[in-house]
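Working notes, structure below.
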Amino acid sequence: MPIYKAPVDDTLFILNDVLGIERYNNLPGFADATPDTVAAIVGEAAKLAEEALLPINLSGDQEGCRRHDDGSVTVPKGFKQAFDLYREGGWLGLAAPEEFGGQALPYTLHTAVGEFMSAANMSLMMYPGLTQGAIAAILVHGSEEQKRTYLPKMVDGTWTGTMNLTEPHCGTDLGLLRTKAVPNGDGSYRISGQKIFISAGEHDMAENIIHLVLARIEGAPEGVKGISLFIVPKFRLNDSGEPGERNGVSCGAIEEKMGIHGNATCVMNYDEATGYLIGAENKGLSAMFVMMNEARLAVGMQGLAIAEIAYQNAANYARERLQGRSLSGPKSPDKNADPIIVHPDVRRALMTIKAFNEGGRAFTLWTALKSDIAHRSDSEEDRQAADDILGLMTPILKGVLTDRGFDHTVMAQQVFGGHGYIEEHGMSQYVRDARIAMIYEGANGIQALDLVGRKLAMNGGRAVMALFKEIGDFCEENRSDEKLSGYTKALKKGLNDLQAATMWFMQNAMAKPDNAGAGSTDYMHLFGLVVLGYMWARIAKTAEDKLAGGETERADYLKNKLITARFYMERIMPETALRKARIETGADTLMALDAAAF
Numbered sequence: 003m004p005i006y007k008a009p010v011d012d013t014l015f016i017l018n019d020v021l022g023i024e025r026y027n028n029l030p031g032f033a034d035a036t037p038d039t040v041a042a043i044v045g046e047a048a049k050l051a052e053e054a055l056l057p058i059n060l061s062g063d064q065e066g067c068r069r070h071d072d073g074s075v076t077v078p079k080g081f082k083q084a085f086d087l088y089r090e091g092g093w094l095g096l097a098a099p100e101e102f103g104g105q106a107l108p109y110t111l112h113t114a115v116g117e118f119m120s121a122a123n124m125s126l127m128m129y130p131g132l133t134q135g136a137i138a139a140i141l142v143h144g145s146e147e148q149k150r151t152y153l154p155k156m157v158d159g160t161w162t163g164t165m166n167l168t169e170p171h172c173g174t175d176l177g178l179l180r181t182k183a184v185p186n187g188d189g190s191y192r193i194s195g196q197k198i199f200i201s202a203g204e205h206d207m208a209e210n211i212i213h214l215v216l217a218r219i220e221g222a223p224e225g226v227k228g229i230s231l232f233i234v235p236k237f238r239l240n241d242s243g244e245p246g247e248r249n250g251v252s253c254g255a256i257e258e259k260m261g262i263h264g265n266a267t268c269v270m271n272y273d274e275a276t277g278y279l280i281g282a283e284n285k286g287l288s289a290m291f292v293m294m295n296e297a298r299l300a301v302g303m304q305g306l307a308i309a310e311i312a313y314q315n316a317a318n319y320a321r322e323r324l325q326g327r328s329l330s331g332p333k334s335p336d337k338n339a340d341p342i343i344v345h346p347d348v349r350r351a352l353m354t355i356k357a358f359n360e361g362g363r364a365f366t367l368w369t370a371l372k373s374d375i376a377h378r379s380d381s382e383e384d385r386q387a388a389d390d391i392l393g394l395m396t397p398i399l400k401g402v403l404t405d406r407g408f409d410h411t412v413m414a415q416q417v418f419g420g421h422g423y424i425e426e427h428g429m430s431q432y433v434r435d436a437r438i439a440m441i442y443e444g445a446n447g448i449q450a451l452d453l454v455g456r457k458l459a460m461n462g463g464r465a466v467m468a469l470f471k472e473i474g475d476f477c478e479e480n481r482s483d484e485k486l487s488g489y490t491k492a493l494k495k496g497l498n499d500l501q502a503a504t505m506w507f508m509q510n511a512m513a514k515p516d517n518a519g520a521g522s523t524d525y526m527h528l529f530g531l532v533v534l535g536y537m538w539a540r541i542a543k544t545a546e547d548k549l550a551g552g553e554t555e556r557a558d559y560l561k562n563k564l565i566t567a568r569f570y571m572e573r574i575m576p577e578t579a580l581r582k583a584r585i586e587t588g589a590d591t592l593m594a595l596d597a598a599a600f
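Just add 2 to the spot in the sequence shown (first one is 1) and you have the working numbering.
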């Protein structure tokens, strides 16, 4: 059976020591997040992930979801009981407003515990994950009546939620969608059409499912300017606000997928289902993007989470598997072979994943903290600055952490050799589950185009210039510290490559847009390398300061952080030069072949 130990100590180190979340006690919800409270919540989340979610992950993958003749769906054995534990513990409403039954704690804390639970059982956690996105959209764009009607039951997990965008003929290009909405004359609409790839679209774990559906009102403009968003409950509510008659929405099929078998990914049929407009007519995309952006951050976290559990199993296997002898002489002379962890190439794989995971954890929590500041600060200046960085980081976090997360899950599988290819050790499931994160909530190529085509230029480049200044100032402030010079020099070199690539786009992409498209994925990863490097430099500074201050209890832990930081700077950060070189070749060779030549 696969193993998993939630990285509690590492998470607390990032929250308390690197990010210093106590400094944000002026923000609503943060005063309640004392170090003792945070430690208790993180510890309980770890217990739930390890004891309730992990044991049914492999069996859920093997069993999958079942659709019945009446269109109902049954989740794998044990899923409902585990979901009930999650719901009863108040985890779904951890960061939700108190007025709707939530605890109003920091989104940063919600993100931290979300990693544990997604690592332990990604398929199961998609059900509340989609619900949290729907909650966010209703909070921002719903009417007061809609909030009172739907949010309390969604926040406590009695009802779950979904997002319905994709149709058989259109995914990214939502302007092509055909689902239609016809006014009933009483404020409601009749929704008709078909949606596909709908995660958590139908299941037996909640009393009602609140679907958020994009559709076009009759007579609306063509393209994305004519799209509206609707609340379409599985069961229409009766006069007392409880589920009543079944609405005209049903699961036509469960998609046969490569992975995430424990999640019901459905084809949803809408046959004159009763729906209610959320937000303004023809403004559905702006409402849906509240949900999409929240989902993209969560999916980036999934990439990290699956890489973490895959790493833990690979490291455990490498310590136990005996194969060959160390190149520098036997390390276990009393045995007929050494454990494979003595081999440099195995360590290359494990160190690469470890450096990504620990840096990625800091990246994820740092970005979540920006979200908290953007939504909770009473300073307009602070809110704007945090929102700028949050918008810039969203495609990078989603794209880089899921691309790397999949690559490193495969790398962890490779440590097992042939044993990684069979189902017994569970590595196959992690590879299959990790693969979807690169695709859904906007395929990563789209994330890269969003970064280059939209985010760089927003507000005159205010966000990217602010981040470049922040990283540059960090390097300058710590340049004379000999203990940090190895980290700051490597970070500054990466930043120089990133700034040069950014300037190249400014000079070469306006007149020839294909240059932007050709270099966008490399640019996204170049940016990710630098941000991860910034996280590692901050981690190294924190570790050095703690050690210089005489901390002994965590001395070994802190020294290991410094070793891993050096590995990142020496072995991974130089990739920025490769990415920059690729970008500067432009689009000519990519676009030269005739389509028929492929």
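Don't be surprised by glycine CBs; every beta carbon is placed ideally from N, CA and C.
- Excluding residues up to 5 positions away in sequence, Ile219, Ala222, Pro223, Lys227, Gly228, Ile229, Ser230 lie with their Cβ nearer than 8 Å to the Cβ of Asn284 in the same chain.
- If you draw a straight line from the Cα of Lys82 to the Cα of Ser120, it comes to about 16 Å.
- By the C-beta criterion, the stretch 156-167 is judged to be in contact with the stretch 201-214, since at least 3 inter-stretch pairs fall below 8 Å.
- In this structure, Leu141 and Leu179 do not form a Cβ contact; the two beta carbons are roughly 24 Å apart against a cut-off of 8 Å.
- Rounded to whole angstroms, the gap between the alpha carbons of Ala114 and Thr591 is 43 Å.
- The Cβ-Cβ distance between Glu310 and Asn249 does not fall below 9 Å.
- Of the residues Val301, Gly588, Phe600, Glu484, the one whose Cα lies closest to the Cα of Asp547 is Glu484.
- In this structure, the CA atom of Ser379 is about 41 Å from the CA atom of Gly62.
- Burial of Glu443 is indicated by the presence of at least 16 other C-beta atoms within 10 angstroms of its C-beta.
- Beta-bridge analysis with DSSP links Ser252 to Asn271.
- If you draw a straight line from the Cα of Lys259 to the Cα of Met440, it comes to about 14 Å.
- By the 16-neighbour rule on beta-carbons within 10 angstroms, Ile5 is exposed.
- Using a Cβ distance threshold of 9 Å, Ala275 and Val234 count as a contacting pair.
- Straight across, the Cα-Cα distance linking Leu534 with Met571 is about 10 Å.
- Cβ atoms of Lys197 and Met294 stay farther apart than 8 Å, at about 15 Å.
- For Thr404, the enclosing alpha helix (DSSP H) stretches over residues 382-417.
- In this structure, Ile43 keeps its C-beta atom at 9 Å or more from the C-beta atom of Leu94.
- Check the Cα spacing between Gly45 and each of Ala183, His112, Met303, Asp516: the tightest is with His112.
- Nearest to Thr523 by C-alpha distance, out of Pro346, Gly588, Arg321, Thr369, is Gly588.
- Taking 9 Å as the cut-off, the beta carbon of Gly104 is found closer than this to the beta carbon of Val157.
- Around the beta carbon of Pro332, fewer than 16 other beta carbons sit within 10 angstroms, so the residue counts as exposed.
- The Cβ-Cβ distance between Asn562 and Ala414 does not fall below 9 Å.
- Here Ala450 is not bridged, per DSSP, to any residue.
- Under the rule that a run must span 4 or more residues, the alpha helix (DSSP H) segments found entirely inside the stretch 446-502 read 446-452, 464-479.
- Leu279 is bridged by DSSP to Phe232.
- Note on Gly521: 16 or more other CB atoms within 10 angstroms of its CB, so buried under the neighbour-count rule.
- By the C-beta criterion, the stretch 331-349 is judged not to be in contact with the stretch 392-401, since fewer than 3 inter-stretch pairs fall below 8 Å.
- Within the stretch 286-345, the complete alpha helix (DSSP H) segments of 4 residues or longer fall at 286-322, listed in chain order.
- Around the beta carbon of Phe408, 16 or more other beta carbons sit within 10 angstroms, so the residue counts as buried.
- Partner residues in the beta bridge of Gln196, as assigned by DSSP, are Asn271.
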